[in-house]
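According to this note's numbering, numbering within the sequence shown proceeds without interruption in unit steps and concludes at 996.
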Amino acid sequence: KRATSQFFHFKVSREKLEPSDENFMSYLENDVFTNYYLRSLSTRTPYIVKKLRDPIEMANEIMLDYDFIGITERMDESLVVLTMLLDLELTDVLYQSAKGCVSM
């Protein structure tokens, strides 16, 4: 979804590029867009972009930079793991889902 949105916003709307399948595929193969999420997670982006081209190698380098990565789709489980890593009690961690919150 993000790639399509960016393509239409930047290329079609701003640069008046024809919205064809060929142009979209070319946009996706462009170096600027390749591994967008991996580059955004990197704390050493210039190093990773220049030195590493393999996505698996990039992901492994990124994992070395982080002590913990939580998964939003599994927030409960991620917070339990975080409390274990930090040697906390479960009662020390509190979060409230925005969907379950009623504002007054």
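A virtual CB, placed ideally from N, CA and C, is assigned to each residue, including glycine. Remember, it's a predicted structure, so these values are computed and weren't measured experimentally.
In chain order, which beta strand (DSSP E) runs of at least 3 residues are fully inside the stretch 893-918? none
Given that a residue counts as buried once 16 or more other Cβ atoms are within 10 Å of its Cβ, and exposed if not, what is phenylalanine 902? With a 10 Å radius around the Cβ and a threshold of 16 neighbouring Cβ atoms, phenylalanine 902 comes out exposed.
Compute the distance between the beta-carbons of isoleucine 954 and leucine 933, then report whether it is under 8 Å. yes
Thinking just about the alpha-carbon of each residue, which of Leu982, Asp959, Thr896 and Asp957 is nearest to the one in glutamate 969? Leu982
Please state whether DSSP places glutamate 981 in a helix, a strand or coil. coil
Taking the straight line between their C-alpha atoms, what separation do you get for glycine 962 and leucine 971? 7 Å
Nearest CA to the CA of glutamate 965: which residue from Phe899, Arg894, Ser989 and Lys908? The shortest C-alpha to C-alpha distance from glutamate 965 to any of Phe899, Arg894, Ser989 and Lys908 is the one to Ser989.
In three-state terms, what does DSSP make of threonine 1037? An answer regarding residue 1037 cannot be provided, because it is not within the stretch 893 to 996 covered by the chain.
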